[in-house]
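Residue numbers (the working numbering): 10 to 365.
Reading through the structure tokens given below for one structure.
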Amino acid sequence: MSERSSGPGGGRQIPVVVLAGFLGSGKTTLLNHLLHRSGGSRIGAVVNDFGAVEIDAMAVAGALGDSTVSLGNGCLCCAVDASELDEYLERLARPSAGIDVVVIEASGLAEPQELVRMVLASELPNIVYGGLVEVVDAAEFDETRAAHPGIDRHLALADLVVVNKIDRVDDPEPVLKTVGGLVDRAAVVPATHGRVDPEFLFDCRPGEERIGQLSFDDLHRDDAPEQERHAHLHAGYDTLSFVSERPLDPRRLIAFLDSRPAGLYRIKGYVDFGPYDVRNRYAVHAVGRFLRFYPEPWPAGAGRATQLVLIGTGLDTAALRAGLEGCVSDGAPHTDDEAGMWGVLRYVQEAEDSAA
């Protein structure tokens with residue numbers, strides 16, 4: 010999608026990604042990889058300790074100060090509550106900062122469930138949950154799991170699991186199979202040195218949209234040709250683009266979303282529900298099991314169509330496309346079907362707020 014994500018009131022939505030994993034799994038390596046390969050996007054970071062991040066490299070890119078919040082106490086979930094986290098997020102999400110995504114790097118002993126709860130409880134209108142990313146060390150997974158049985162619970166909560174340091178094991182299949190058996194419909198992605206394509210986590214700005222600073226893309230270039238880097242990073246996931254000039258049936262779409270398969274990590278785009286709401290299109294944001302719709306007026310002069318992008322791992326894209334085609338309306342008017350949109354409205358933020 011070429012347009013930036015929007016939400017209630019048409020404001021730009023900033024996803025907040027929770028990055029968790031036990032000590033040594035490679036969280037900081039992954040975060041620094043995202044900073045280096047942000048595609049021109051500006052990343053705000055909430056970190057437990059400046060010493061855990063490559064300070065010199067961040068300072069060169071101008072990322073310290075206005076786009077980084079440091080928590081030196083070492084355990085975010087124990088140190089602050091949802092309202093206090095909102096204070097940190099508000100600093101990063103103000104329009105003048107130009108932040109596109111916020112990454113919370115949790116300490117190795119943090120409880121991911123509490124961090125996710127705090128993000129979901131945010132009262133900031135332009136903040137949206139961007140998923141729980143759990144990082145595990147492929148080479149030390151068995152030992153870590155034996156020493157910290159809680160890792161099974163953490164994996165069950167994750168929206169995306171990055172099996173890192175895959176190059177350090179002779180045969181990665183056993184650990185990938187074990188992790189796959191512990192997750193609840195989460196996408197599982199193998200990685201080396203935390204190299205996960207940022208597009209899997211958030212929408213990257215085109216390079217020409219960079220805001221007032223050199224990015225890591227300018228400062229640190231790989232020697233490998235661009236096409237090789239692109240192919241390597243994209244090898245870990247599948248994408249499906251779907252466009253329909255005919256409106257979708259809301260009941261069918263909700264049924265499709267409720268039954269979305271394991272490995273389908275992100276869904277983004279806009280939905281046209283036709284006569285069910287002629288004034289608005291519905292921006293859709295799904296990450297893991299999290300789902301939100303944001304109604305917004307159709308842009309003046311814009312053609313009316315549903316445009317969706319699905320991202321995940323191990324996807325049967327043909328089956329997904331067939332499922333989405335099955336959501337296309339059969340052309341019946343349904344204008345008197347007041348209950349038709351109830352399933353969608355359950356996932357509209359304003360509806361939830363007014364009912365609270």
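Here a beta-carbon is modelled for each residue, glycine too, at the ideal position from N, C-alpha and C.
These figures come from a predicted structure and were not determined experimentally.
Where does Gly310 land, buried or exposed, given buried means 16+ other C-beta within 10 angstroms? Walking along the sequence shown from the start, residue 310 turns up at place 301. Burial state of Gly310 is exposed, judged by a 10 Å Cβ sphere holding fewer than 16 other Cβ atoms.
Label Asp180 either buried or exposed according to how many other C-beta atoms from any shown protein chain fall within 10 Å of its C-beta, with 16 as the threshold for buried. Locating residue 180 in the sequence shown gives position 171, counting from the first residue. Asp180 comes out exposed.
Tell me whether Asp247 sits in a helix, a strand or coil according to DSSP, three-state version. Locating residue 247 in the sequence shown gives position 238, counting from the first residue. Judged by DSSP in its simplified three-state form, Asp247 adopts strand.
Give me the Cβ distance between Glu143 and Val170, rounded to the nearest whole Å; I'm assuming they're in contact under 8 Å. If you number the sequence shown from 1, residue 143 lands on position 134. If you number the sequence shown from 1, residue 170 lands on position 161. Right, their Cβ atoms sit about 5 Å apart.
Does the Cβ of Arg177 have 16 or more other Cβ atoms within 10 Å, making it buried, or fewer, making it exposed? Locating residue 177 in the sequence shown gives position 168, counting from the first residue. An exposed status is given to Arg177, since fewer than 16 other beta-carbon atoms sit within 10 Å of its beta-carbon.
Buried/exposed call for Ala119, threshold 16 Cβ in 10 Å: Here the question's residue 119 lines up with position 110 in the sequence shown. Buried: at least 16 other Cβ atoms inside 10 Å.
Contacting residues, own chain, Cβ-Cβ under 7 Å from Tyr356 (five flanking each side not counted): As a working mapping, residue 356 is identified with position 347 in the sequence shown. In chain order, Leu300, Arg301, Phe302 place their CB closer than 7 Å to the CB of Tyr356, counting only its own chain and leaving out the 5 sequence neighbours on each side.
Please return the same chain residues whose Cβ sits closer than 6 Å to the Cβ of Ala29, not counting the five positions on each side in sequence. Within the sequence shown, numbered from 1, the residue matching residue 29 stands at position 20. So the qualifying residues of the chain are Ala115, Pro121, Glu143.
The alpha helix (DSSP H) enclosing Lys36, as first and last residue numbers: Mapped onto the sequence shown, residue 36 falls at position 27. Here the alpha helix (DSSP H) through Lys36 covers 36 to 45.
Return the Cβ separation of Arg313 and Asp281 in integer angstroms, given the expectation that the two are a contact with Cβ distance under 8 Å. By one-based count along the sequence shown, residue 313 stands at place 304. By one-based count along the sequence shown, residue 281 stands at place 272. About 5 Å; that satisfies the 8 Å criterion.
Here's the rule I'm using: 16 or more other beta-carbon atoms within 10 Å means buried, otherwise exposed. How should Arg126 be labelled? The residue you call residue 126 lines up with position 117 of the sequence shown. Counting Cβ neighbours within 10 Å, Arg126 comes out exposed, since fewer than 16 surround it.
Measuring alpha carbon to alpha carbon, tell me which residue in Cys213, Ile160, Leu164, Gly340 is nearest Val197. Mapped onto the sequence shown, residue 197 falls at position 188. Selected option, being the one with the closest Cα: Leu164.
Between Arg269 and Ser50, is the Cβ-Cβ spacing less than 9 Å? Reading the sequence shown from its first residue, position 260 is the one you call residue 269. Reading the sequence shown from its first residue, position 41 is the one you call residue 50. Result no, Cβ atoms of Arg269 and Ser50 do not sit closer than 9 Å.
Is DSSP giving Pro207 helix, strand or coil here? Translated into positions along the sequence shown, residue 207 becomes position 198. Helix at Pro207.
Evaluate the contact criterion for the stretch 35 to 52 versus the stretch 198 to 210: three or more CB pairs, one atom per stretch, below 8 Å. Look at the beta carbons and you see the stretch 35 to 52 touching the stretch 198 to 210: at least three pairs across the two are nearer than 8 Å.
Using DSSP bridges, identify the partner residues of Arg275. Counting from one through the sequence shown, the residue named residue 275 turns up at place 266. When beta bridges are read from the DSSP output, Arg275 appears opposite Val296, Ile320.
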